[in-house]
Each structure stands twice: as structure tokens, then as C-alpha cells.
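J.: Below: one structure in C-alpha cells.
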């Protein structure tokens with residue numbers, strides 16, 4: 001695990017129950033540990049916008065999801 005850029009963030013994510021792979025992916029992002037972006041929150045987006053984001057990410061079953069299910073899937077991906 002020497003390739004982890006932000007070890008503190010990695011450990012915190014593992015403590016929260018994230019898998020090793022997901023915690024490493026997050027901790028190795030370019031701005032690991034920094035507060036993020038200017039994206040609007042999911043609740044203010046339309047169902048179609050959420051669907052398109054889920055499609056980009058590759059969330060399975062998205063076509064059968066309602067808006068809240070899409071939000072949950074995006075947050076937990």
C-alpha cells in the first residue's frame with residue numbers, strides 16, 4: 001500500500017467501511033483530502049440528469065430507478 005497518496009484519508013474511509021479498492025481510488029485522486037467541487041446537489045437535479053450521471057458511471061439497473069433510488073445509487077457508488 002505504498003502507492004496511497006493520502007494515507008489519513010484512506011484509513012478514515014476504511015474505518016467507515018469502504019472497500020480497500022474504493023478507499024484507495026478516492027485517496028489517490030488528484031485533490032485527495034480537499035473539499036470538492038461546485039456540482040449542484042443531487043436533489044436539485046432532474047431525474048434525467050441523474051440518469052445520465054448514473055449512465056456515465058455505469059450504475060446497473062438505473063433504467064428502473066426512481067429519482068430517490070438514483071440519488072442513493074450515485075451517493076453509494
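In UniProt numbering, the protein residues as written are 1 to 77. Every residue gets a Cβ at the ideal spot worked out from N, C-alpha and C, and that includes glycine. If you're wondering where the values come from, they're calculated on a predicted model, not measured in any experiment.
What residues in its chain sit with their C-beta under 6 Å from that of residue 56, if we drop five residues either side in the sequence?
T.: So no residue of the chain qualifies.
J.: In the DSSP assignment, the alpha helix (DSSP H) including residue 8 goes from what residue to what residue?
T.: From DSSP, the alpha helix (DSSP H) with residue 8 extends over 7 to 15.
J.: In this structure, how does DSSP classify residue 47 when only helix, strand and coil are distinguished?
T.: The answer is helix: DSSP assigns residue 47 an H, G or I state.
J.: Under a Cβ-count criterion, where at least 16 other Cβ atoms within 10 Å of its own Cβ denotes burial, should residue 53 be classed as buried or exposed?
T.: Buried is the call here.
J.: Three-state secondary structure (DSSP) at residue 22?
T.: The answer is helix: DSSP assigns residue 22 an H, G or I state.
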